[in-house]
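>
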Amino acid sequence: MSEAKVLTLDGPGGAGKGTISRLVAERLGWRLLDSGALYRLVALAAKRHGIALDDEPALARLAAELDVVFLAEDESTRVLLEGDDVSRELRTEQVGDAASQVAGLNGVRQALLQRQRDFRQAPGLVADGRDMGTVVFPDADLKVFLTASPEERARRRHLQLQEAGVDASLSSLLKEIQARDARDMQRSVAPLKPAEDAITLDTTRLSIPEVVERLTEWLAERGLVPET
Ligand code: C5P
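Residue numbers (our numbering): 1 to 228.
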């Protein structure tokens, strides 16, 4: 069976993966997997059901049974958890922080593995996360690790939150980003790191269209999309 193509985009938070993945997926007509949203949903569901963030068996069960619907819209994706629209709440720093705690639990990661692989459908998938190239899609056609300086990532996150009408201070965002990076890189299961065969792209001084262009070129060079 010939599998659908996969482009993996891994990297720390605020490196632009979300926006870039969406734009590349749109341009290619491929599906999109925002794997961070799944960890955020587990954290949010835990809060709703009063489950502690270190109760691994209960969180793994929750992850396996997650009742979630992704509705693709023009500029974003609407997310329904147990029938309720949680799209806004999902993006808050508190939920991101709780997500990074549940993401350190092997039982939760295992429970989400097949759900993530099921997104792989023809003609292709753009998978955004931390371990897309290392664990979830080790045989991906192109693996890219996107980075940017912590200061630049805090600045971008700040802008994104402002646009969404969420209040946050730049200095506290920088601290949170650094704490989350440290936790994501140091955990024993699926730590944040580039796959051995990934290309690392530092986006600190690149605009979003420049990054999208670079990725499209790399895909075309590998014969994954028609030359533009
Ligand atoms: O990318 P996003 O900020 O939505 O991810 C939230 C958290 O989920 C990350 O800080 C990380 O701990 C976790 N995550 C993960 N593996 C992924 C995607 C996200 O561990 N593939």
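Beta carbons: idealized from backbone N, C-alpha and C, even for Gly. Here the structure is a predicted model, which means the values were calculated and not measured.
1. Can you find a heavy atom of ligand 1 that lies under 7 Å from the Cβ of A198?
2. Tell me the start and end of each unbroken alpha helix (DSSP H) in the region 126-156 that is at least 4 residues and wholly inside, in chain order.
3. Going by DSSP, what residue range makes up the beta strand (DSSP E) through T77?
4. Just curious, the alpha helix (DSSP H) that A58 is in, first and last residue?
5. In chain order, what residues of the same chain lie with their CB nearer than 6 Å to the CB of M185, ignoring the 5 residues before and after it?
6. Just to confirm, are P123 and W218 a CB contact at a threshold of 8 Å?
7. Which value, in whole angstroms, describes the spacing of the CA atoms of D181 and I208?
8. Is the beta carbon of D67 closer than 8 Å to that of L44?
9. Please classify P226: is it buried, with 16 or more other beta-carbons within 10 angstroms of its beta-carbon, or exposed?
10. In whole angstroms, what is the alpha-carbon distance linking A63 and R153?
11. In this structure, does DSSP put T216 in helix, strand or coil?
12. Nearest-angstrom Cα distance between D34 and A4?
13. Among residues of its own chain, excluding the 5 on either side of E93, which ones have a beta-carbon nearer than 6 Å to its beta-carbon?
14. Go to K193, then tell me how far its alpha helix (DSSP H) extends in each direction, as first and last residue.
15. Within the same chain, show all residues whose beta-carbon is closer than 6 Å to that of T77, passing over the 5 residues directly before and after it, in chain order.
Taking the geometry as given:
1. Within the sequence shown, residue 198 is the residue found at index 198, counting from 1. No, ligand 1 has no heavy atom inside 7 Å of this Cβ.
2. none
3. Within the sequence shown, the letter at position 77 stands for residue 77. Taken as a continuous stretch (DSSP letters only), the beta strand (DSSP E) holding T77 covers T77 to L81.
4. Here residue 58 refers to the residue found at position 58 of the sequence shown. Per DSSP, A58 belongs to the alpha helix (DSSP H) from E56 to E65.
5. The residue labelled residue 185 in the question sits at position 185 within the sequence shown. Here the set comprises P191 and L192.
6. Here residue 123 corresponds to residue number 123 of the sequence shown, with the count starting at 1. Here residue 218 corresponds to residue number 218 of the sequence shown, with the count starting at 1. Result no, Cβ atoms of P123 and W218 do not sit closer than 8 Å.
7. Within the sequence shown, residue 181 is the residue found at index 181, counting from 1. Within the sequence shown, residue 208 is the residue found at index 208, counting from 1. Going by the C-alpha atoms only, they are around 22 Å apart.
8. In the sequence shown, the residue the question calls residue 44 occupies position 44. In the sequence shown, the residue the question calls residue 67 occupies position 67. No, they are not a contact pair.
9. One-based indexing of the sequence shown puts residue 226 at position 226. Looking at its Cβ environment, which holds fewer than 16 other Cβ atoms inside 10 Å, P226 is exposed.
10. Taking the first residue of the sequence shown as position 1, residue 63 is located at position 63. Taking the first residue of the sequence shown as position 1, residue 153 is located at position 153. Distance between the alpha carbons of A63 and R153 is about 28 Å.
11. For the purposes of this step, residue 216 is identified with residue 216 of the sequence shown, where counting begins at 1. DSSP places T216 in the helix class (H, G or I) of the three-state scheme.
12. What you label residue 34 is simply residue 34 of the sequence shown in a count that begins at 1. What you label residue 4 is simply residue 4 of the sequence shown in a count that begins at 1. Cα-Cα distance, rounded: 17 Å.
13. Within the sequence shown, numbered from 1, the residue matching residue 93 stands at position 93. So the qualifying residues of the chain are E176.
14. Reading the sequence shown from its first residue, position 193 is the one you call residue 193. That residue, K193, is in no alpha helix (DSSP H); it is neither H nor E in DSSP.
15. Counting from 1 along the sequence shown, the entry for residue 77 is found at position 77. Excluding sequence neighbours, T77 sits near F70.
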